[in-house]
Amino acid sequence: MDRIVVTGNGPLKGQIPIAGAKNACLTLMPATLLSEEPLTLTNAPRLSDIATMTQLLQSLGTEVTKMQDGKVLALSSYRIDNHTADYDIVRKMRASILVLGPMLARDGHAVVSLPGGCAIGARPVDLHLKAMEAMGAEMELRDGYVHAKAPGGLKGGVVDFPFVSVGATENALMAATLAKGTTVIKNAAREPEIVDLAQCLRRMGAQIDGEGTSEITIQGVDRLGGATHPVVVDRIELGTYMLAPAISGGEVELLGGRIELIGAFCEKLDAAGISVSETGNGLSVARKNGRVRAVDVKTEPFPGFPTDLQAQMMALLCTAEGVSVLEEQIFENRFMHAPELQRMGAKIEVHGGSATVTGVDRLKGAPVMATDLRASVSLILAGLAAEGETVVNRVYHLDRGYERVEEKLSAVGAKIERVSDR
Ligand code: EPZ
146 MDRIVVTGNG PLKGQIPIAG AKNACLTLMP ATLLSEEPLT LTNAPRLSDI
196 ATMTQLLQSL GTEVTKMQDG KVLALSSYRI DNHTADYDIV RKMRASILVL
246 GPMLARDGHA VVSLPGGCAI GARPVDLHLK AMEAMGAEME LRDGYVHAKA
296 PGGLKGGVVD FPFVSVGATE NALMAATLAK GTTVIKNAAR EPEIVDLAQC
346 LRRMGAQIDG EGTSEITIQG VDRLGGATHP VVVDRIELGT YMLAPAISGG
396 EVELLGGRIE LIGAFCEKLD AAGISVSETG NGLSVARKNG RVRAVDVKTE
446 PFPGFPTDLQ AQMMALLCTA EGVSVLEEQI FENRFMHAPE LQRMGAKIEV
496 HGGSATVTGV DRLKGAPVMA TDLRASVSLI LAGLAAEGET VVNRVYHLDR
546 GYERVEEKLS AVGAKIERVS DR
């Protein structure tokens, strides 16, 4: 099993290219199931989660051709040969549930394994099922699988979410494009990945209004065509790497970064004393002198502070001057990075969904354990500024969401390498 060894090595300098968004690509890929014609995605990230989604789609009958070293994915679902998303694949990646809406909309039936929980929470899919029912589908839970049927096809309806769900909004949006009549999604998620999906579906011929707001209206069409669509830049990878110079000092340019994708996060960086400026090629982040200032953070659906940047922000605040309070309002168990940061000397007290961080002058390198995707990268960020060597184990979590992290950080002066046990 690989591990990453990182040693505090002073200020960083240089450029980091930001890849296409994992969480956009994972919903754009299942959209191929809505059409007989080819869907080509450019600027795709090279990640293990993308490989898992590829495997799932291929098991359903989609042809997937990787080009340009995986940066371009050509997907063709001329027909769906198998309408069952198997537990063996679904349990590896929860986003597999996103084949439910497209399969149901295209062929009127789908069987998808329930994804089960994961490290950060139970993560039920009840809102996904309710959305399909609102469009006339019959849903039955049996032997750990969802059996969905819409014999006469889906019908337009009102999908009124009791709270914001990114995945359920994506499933409903994709399904509604082929439903008969008009569908209105209320309390829709407003994430940039939803906007990206809507833009791709529109290129395929879908009729959608309101993406990016809390209410999306879709006029169903008989069929969708093919399209070529560039995956939007990854705002979570962007925010993660912006924290590298923030934690280590120095100045780094994030190529492809767009400030409108992470407004709330940038406001918190500004309050902490980190300067962010737009350049012709992206965003430049610098921490020239003085310690980082403590700030309070509350995670919220977009456009609020992203839950996927909470662990990384905590790493920064571990060495800030003063006391910070982080409130995780989206997931019930997303502080598993805290005990690992404590092994490095961080002063953190967790009480339910709230963590109080008292800044220390400097963390100390230590062997630590990655527990989930974003927790693993927060440990690497902490290691960048820690005294001595930090060894992050179980980096398979990391490879789900970060392309070649050791190469990208080495290129700006970090002392980091991947060590394989085999
Ligand atoms: C997406 O997960 C992202 N994953 C997550 O990123 C991200 O943290 C999350 O949105 C929130 O922004 C992908 O896009 C592949 P939700 P998703 O439905 O869609 C509860 C990462 O690190 N809920 O918005 O699963 C749920 O338990 C990952 O890249 C229900 O109760 O998130 C959570 O508490 C982690 N019933 C809250 O809603 C449902 O049917 C928000 O979840 C669905 C969700």
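Per the working numbering, the very first residue in the sequence shown carries number 146; after that it's consecutive.
For glycine and all other residues, C-beta sits at the position ideal for the given N, C-alpha and C.
Excluding five sequence positions before and after residue 381, the CB atoms of its chain that fall closer than 8 Å to its own CB belong to 166, 167, 168, 451, 453, 454, 519 and 546, given in chain order. Residue burial annotation: residue 386 is buried, with at least 16 other C-beta atoms found within 10 angstroms of its C-beta. Excluding residues up to 5 positions away in sequence, 450, 472 and 474 lie with their Cβ nearer than 7 Å to the Cβ of residue 443 in the same chain. Residue pairing by DSSP places residue 222 opposite no residue, since no beta bridge is assigned to it. Here residue 450 is bridged, per DSSP, to 444. Only residues of its own chain outside the window of five on either side were considered, and among them 335, 408 and 409 have a CB closer than 8 Å to the CB of residue 448, listed in chain order. Note on the segment 214-263: whole beta strand (DSSP E) runs with a minimum of 3 residues are 217-221 and 254-258, in chain order.
Taking 7 Å as the cut-off, the Cβ atoms of residue 324 and residue 299 count as close. DSSP places residue 527 in the uninterrupted alpha helix (DSSP H) bounded by 518-530. For the pair residue 152 and residue 560, the CB atoms are nearer than the 7 Å cut-off. In this structure the segment 391-408 does not touch the segment 356-373; the number of beta carbon pairs closer than 8 Å is below three.
In the three-state reduction of the DSSP assignment, residue 478 falls in the coil class, being assigned neither a helical nor a strand state. Secondary-structure assignment with DSSP links residue 364 through a beta bridge to 327 and 352. Considering only 286, 524 and 517, the residue with the shortest C-alpha distance to residue 509 is 524.
In the structure shown, the three-state DSSP call for residue 550 is helix. By the beta-carbon neighbour count (other beta carbons within 10 angstroms, threshold 16), residue 548 is buried. Residue pairing from DSSP places residue 500 in a beta bridge opposite 471 and 495. When the alpha-carbon of residue 389 is set against those of 146, 487, 158 and 221, the nearest one is in 158. At the C-beta level, residue 242 and residue 260 come within 7 Å of one another. For residue 419, same chain residues with a beta-carbon under 6 Å away, outside a window of 5 residues either side, are 391 and 432 in chain order.
Going by DSSP, residue 383 is part of the alpha helix (DSSP H) stretching over 380-393. In this chain, the alpha helix (DSSP H) harbouring residue 312 covers 311-321. Residue range 148-152 is occupied by the beta strand (DSSP E) that includes residue 149. DSSP lists no bridge partner for residue 403. At a Cβ-Cβ threshold of 7 Å, residue 515 and residue 521 count as neighbours. In the DSSP annotation of this structure, the continuous segment of the beta strand (DSSP E) that includes residue 427 starts and ends at 427-432.
DSSP, reduced to helix, strand and coil, places residue 464 outside both helices and strands of the structure shown, so it counts as coil. Distance between residue 553 and residue 484, taken at the CA atoms: about 27 Å.
When DSSP reads this structure, residue 563 sits in a beta bridge with 149. Per DSSP, residue 208 is one residue of the beta strand (DSSP E) stretching across 208-212.
Per DSSP, the beta-bridge partners of residue 157 are 395. For residue 372, the enclosing beta strand (DSSP E) covers residues 372-375. Residue 186 sits away from residue 304, with the two beta carbons spaced by 7 Å or more.
Our two residues, residue 268 and residue 428, have alpha carbons roughly 33 Å apart in a direct line. Distances taken from the Cβ of residue 441 to the heavy atoms of ligand 1 include none shorter than 6 Å. Checking the DSSP bridge columns, you'll see residue 293 partnered with 255 and 284.
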